[in-house]
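Let me begin by presenting the structure, written as C-alpha cells, before commenting on it.
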C-alpha cells in the first residue's frame, strides 16, 4: 500500500494546502479518497497515474471533500476515458454530479456507477480478490463515513529449503501449498503445511476518518490498522468548539489511535487558525508515540512504516 | 482598470495554468470573469482582496469556466460574508449552484442574486455611475457570452489656470463646469465650457471573448476597446478543427482585433497540445502588432497600456 496526501486543509483551501484528498494505491489498484476542489491539479503535480483510478470514495458532501469531483470526471471525459468509474458516497452524490454534468452539457463517454450510502453501521462496500473496503460510520454535522481499506490475507509462502528435499512435490502442487493444504506423499505420509510453508507476508490496512467528532465507536472497526488518518481540526483547548462543530482535537485523535492500538497515526484537516501545524503533532504525541504530520504530496509506503517511525 | 489573469488554460487545468478566470478592477469595483476550478486558490495566490468581489460574470456553463464558482461561494460563506453576490451567467447557472449548495447543506449567510442570460443580442446587464457591462454574444457549442466593460465618460477637468482668473467662479460652480455647463457671469457674459475646462481623462474599456468560433459579428460591439481578450485555442493550421469545436485560431483572433481597431490583444485558452505558447503570439503578430501573451498572475494596468506595448 502507498498513500499520497493530495491535500489536508479544512473547510477552505489555502496556499498552505488544498482541501482533503488522498490517493491510496493498494495491490496495484488506485483508490481516490475524497476530492476537494483542485484535486485533479494535485494529482498532476503528484505525477500520479490518475487514469488508473477506478474507485472514488467520498466521505461526506461538504464542499471541501467533494467540489473537485465533477472537474475530475469532466477531465477524464476529455481525456477519452472509457472505463466505468465507481463512486461511493452519501445519498445525494448522484444528483450532485449528474446535475452538473447535465447543465454543463458534459455527456460522458464512460459509465458512472454510483453506490449511495446511508447505513449507520459499518458495511462492506468494495471487494475484489485482494482488497476489501468497509465504511466507518462517523459523527459529523452531515452524514459521513470513513473508509477502512484492508488487504486480504496473502498466500502462505513456499519454504523452498524444505520443499526441495521432496522431489515428489511438483510445481503444480505449489498453489495448494500456498493456500494452506498439507501434502500427501505417494506412500500416504502427510507433510503438514506449516512444515512446507512460511506464514504469509503482512496484509496492510488503512483507515481514513474525516470529518468526525470524538467517536470511540470506531475503535472496534479500525483495531490495529497499520495507519490511521484521523482528522484533528483543533487543539484540545478548543475541545468544546470541536464537539460543537463535529470535529476532533489532536489529543482525542491520539486517544482513538491508542485505544485502537493502531501502528501509526497521521493527522490532518487542521483549522486555518493554526499557522504552525507542528503543535498538533506535539499534542498528539503526549498520548500516542507514532504520529505523522501531513505534507502536500507526502507519499507513505506502508513497507517503510514497518521499518521506521515517520 | 486593472486586469489580473488567474488562469488561461483550455478544457483541462494543468500545471501550466488553471482554467479560465480573470479579475477586473474598474473604478474601485471588483469584477470576477469566469471561475474555473481552483479560482479561489488563484485569488489567494494573487493576493487579491477577493472579499470585495460583488459581481461575477460567467461566460458559459462549460466546467473549465464555472466549476470553481460553488467553492468560491462556499468559502465566502465560511468567511462570514454578508453582502449580496451578483452572478451573471447563462440560464441554468442558478440551478447549477443552488443544487450544490442544497446537497452540501451550505446554507448561505448572504444573498445570491442571479441574472440568467438568454438573449442572442448584446444587452446591458450592469450599470452604475461609473461602469457599464454589456454582453457580447459569442458562437460556441453551448450558449455563451463575452462581456464588454466600459467606463462611462469621465467629467471634464477644471482648467485652473483659466478659472483662477475669474474670482466670480466659486467652488460650488465646479460641478457644473465638470459636467459641461457654460458659466454665466454677473454681467451676462457667457464663458464657454471648453474655455474653462479640459477634456475628460480617457475612459477605459475591456472586452472579454471566450469561448467562440471566429465571429466577425462581435466587431461592432468591441470597436476600439483598449484591451481585447480573445480566445485562441489553436493555431491557424487547425482552422477546421477550431471551427468544428467552436473555437478560434490565433490568426483569426488577430483579424478580429485588427478589424475592430482595438488597441491591444491578449490571447488565451490555448489547447494543451501546445507546450510553447509563444507560437500564438508569433502567429497573431503577423496580422496585428500589439499582442500580449498571458501568464498566471499577470496584472495589466490599463494606464501602462497607453504608455507602452506589452
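Chains as they are written, first to last, in our numbering: chain A, 1 to 310; chain B, 1001 to 1310.
Just so you know, even glycine gets a beta-carbon here, dropped at the ideal spot from N, CA and C.
Keep in mind it's a predicted model, so treat the numbers as computed, not measured.
Expressed to the nearest angstrom, what Euclidean distance is found between the alpha-carbon atoms of residue 1112 of chain B and residue 99 of chain A?
Taking the straight line joining both Cα atoms gives about 19 Å.
Considering residue 1022 of chain B, what are the terminal residues of the beta strand (DSSP E) in which it resides?
In the DSSP assignment, residue 1022 of chain B falls within the beta strand (DSSP E) that extends over 1021–1026.
What number of angstroms, rounded off, separates the C-alpha of residue 190 of chain A from the C-alpha of residue 123 of chain A?
Going from the Cα of residue 190 of chain A to the Cα of residue 123 of chain A covers about 41 Å.
How would you list, in chain order, the residues of chain A whose beta-carbon sits under 8 Å from the beta-carbon of residue 1092 of chain B?
Within chain A, 103 have C-beta atoms less than 8 Å from the C-beta of residue 1092 of chain B, given in sequence order.
Inter-residue Cα distance where the pair is residue 9 of chain A and residue 1143 of chain B:
The C-alpha of residue 1143 of chain B is placed about 36 Å away from the C-alpha of residue 9 of chain A.
Rounded to whole angstroms, what is the Cα-Cα separation between residue 271 of chain A and residue 1157 of chain B?
Here the C-alpha atom of residue 271 of chain A lies approximately 52 Å from the C-alpha atom of residue 1157 of chain B.
Starting from residue 13 of chain A, find everything on chain B with Cβ-Cβ shorter than 9 Å and list it in chain order.
Within chain B, the residues placing a beta-carbon under 9 Å from that of residue 13 of chain A are 1038, 1040, 1041, 1044, 1071, 1075, ordered along the chain.
Own chain partners of residue 246 of chain A with C-beta closer than 6 Å, once the 5 adjacent residues on each side are dropped:
Excluding residues within five positions, the ones whose Cβ falls inside 6 Å are 140, 141, 213.
If you draw a straight line from the C-alpha of residue 267 of chain A to the C-alpha of residue 250 of chain A, how long is it?
Rounded to the nearest whole angstrom, the C-alpha separation of residue 267 of chain A and residue 250 of chain A is 8 Å.
Quick check on the DSSP output: what are the complete beta strand (DSSP E) runs of length 3 or more inside the segment 85–170 of chain A, in order along the chain?
With a minimum length of 3 residues, the continuous beta strand (DSSP E) runs that stay inside the segment 85–170 of chain A are 85–90, 112–117, 124–127, 131–138, 144–151.
I believe residue 205 of chain A touches residue 146 of chain A by the beta-carbon criterion, under 8 Å. Please report the beta-carbon distance rounded to the nearest angstrom.
Wrong, their Cβ atoms sit about 13 Å apart, outside the cutoff.
Look at the alpha carbon of residue 1031 of chain B and the alpha carbon of residue 103 of chain A, and state the distance between them as a whole number of angstroms.
Whole-angstrom Cα-Cα distance: 24 Å.
Where does residue 1297 of chain B fall in DSSP's three states?
Residue state, collapsed to three classes: coil.
Quick check on residue 18 of chain A: buried or exposed, where buried means 16 or more other Cβ atoms within 10 Å of its Cβ?
Flag for residue 18 of chain A reads buried.
Option nearest residue 237 of chain A by Cα separation, candidates A/75, A/274, A/216, A/202:
Closest by alpha carbon: A/274.
Exposed or buried, what is residue 1121 of chain B when buried is set at 16 or more other beta-carbons lying within 10 Å of its beta-carbon?
Burial call: exposed.
How long is the line joining the alpha carbons of residue 304 of chain A and residue 226 of chain A, rounded to whole angstroms?
Taking the CA atoms as reference points, residue 304 of chain A sits about 11 Å from residue 226 of chain A.
At a cut of 8 Å, does the segment 1170–1183 of chain B reach the segment 1049–1062 of chain B through at least three beta carbon pairs?
No: fewer than three Cβ pairs fall under 8 Å.
Using 8 Å as the limit for Cβ to Cβ distance, is residue 1106 of chain B near chain A?
So, interface residue.
What span of residues does the alpha helix (DSSP H) with residue 1071 of chain B cover, start to end?
Per DSSP, residue 1071 of chain B belongs to the alpha helix (DSSP H) from 1069–1078.
Would residue 1140 of chain B count as contacting chain A if we go by Cβ distances under 8 Å?
Answer no: the Cβ-Cβ gap between residue 1140 of chain B and chain A never drops below 8 Å.
Output the boundary residues of the beta strand (DSSP E) element that contains residue 1231 of chain B.
Residue 1231 of chain B -> beta strand (DSSP E) spans 1227–1231.
Contact residues within the segment 1247–1259 of chain B, judged by C-beta distance below 9 Å to chain C
Any reference to chain C falls outside this structure, whose protein chains are A and B.
8 Å contact criterion, which residue 6 of chain A and residue 43 of chain A should meet: CB distance rounded
Right, the Cβ-Cβ distance comes to about 7 Å (below 8 Å), so this counts as a contact.
For residue 80 of chain A, tell me which candidate among A/52, A/300, A/149 has the shortest Cα-Cα distance.
The residue from A/52, A/300, A/149 with its alpha-carbon nearest to that of residue 80 of chain A is A/52.
Give the residues from the segment 1278–1294 of chain B that approach chain A closer than 9 Å (Cβ to any Cβ), ordered along the chain.
Residues are counted here when their Cβ sits less than 9 Å from a Cβ of chain A; for the segment 1278–1294 of chain B the count is zero.
Using 10 angstroms around the beta-carbon of residue 1278 of chain B, count the other beta-carbons present and answer buried if the total reaches 16, otherwise exposed.
By the neighbour-count rule (16 or more Cβ atoms within 10 Å), residue 1278 of chain B is not buried but exposed.
Taking residue 313 of chain A as part of the alpha helix (DSSP H), name the residues at either end of that continuous run.
Nothing can be reported for residue 313 of chain A, as the shown portion of chain A is limited to 1 through 310.
Is residue 1152 of chain B near residue 1203 of chain B, with beta carbons less than 8 Å apart?
Closer than 8 Å, so yes.
Length of the line joining the Cα atoms of residue 87 of chain A and residue 148 of chain A:
Here the alpha carbons of residue 148 of chain A and residue 87 of chain A stand approximately 16 Å from one another.
Within 8 Å of any Cβ in chain B, is that where the Cβ of residue 89 of chain A sits?
Closer than 8 Å: no.
Please go through the same chain and pick out, in chain order, the residues whose beta-carbon is closer than 8 Å to the beta-carbon of residue 1177 of chain B, but skip the five residues on each side of it.
Cβ neighbours of residue 1177 of chain B within its own chain (closer than 8 Å, five residues either side excluded): 1156, 1158, 1163, 1169, 1183, 1193, 1196, 1197.
Best match in B/1295, B/1242, B/1290 for proximity to residue 1307 of chain B [C-alpha to C-alpha]:
Of the candidates B/1295, B/1242, B/1290, the residue whose Cα lies closest to the Cα of residue 1307 of chain B is B/1290.
Against chain B, does residue 183 of chain A count as a neighbour if the rule is that its beta carbon must be under 8 Å from one of theirs?
Not an interface residue.
Could you say which of A/186, A/154, A/187 lies nearest to residue 320 of chain A if we only look at CA atoms?
Residue 320 of chain A is absent from the structure shown; chain A starts at 1 and stops at 310.
Where does residue 1050 of chain B fall in DSSP's three states?
Correct three-state label for residue 1050 of chain B: helix.
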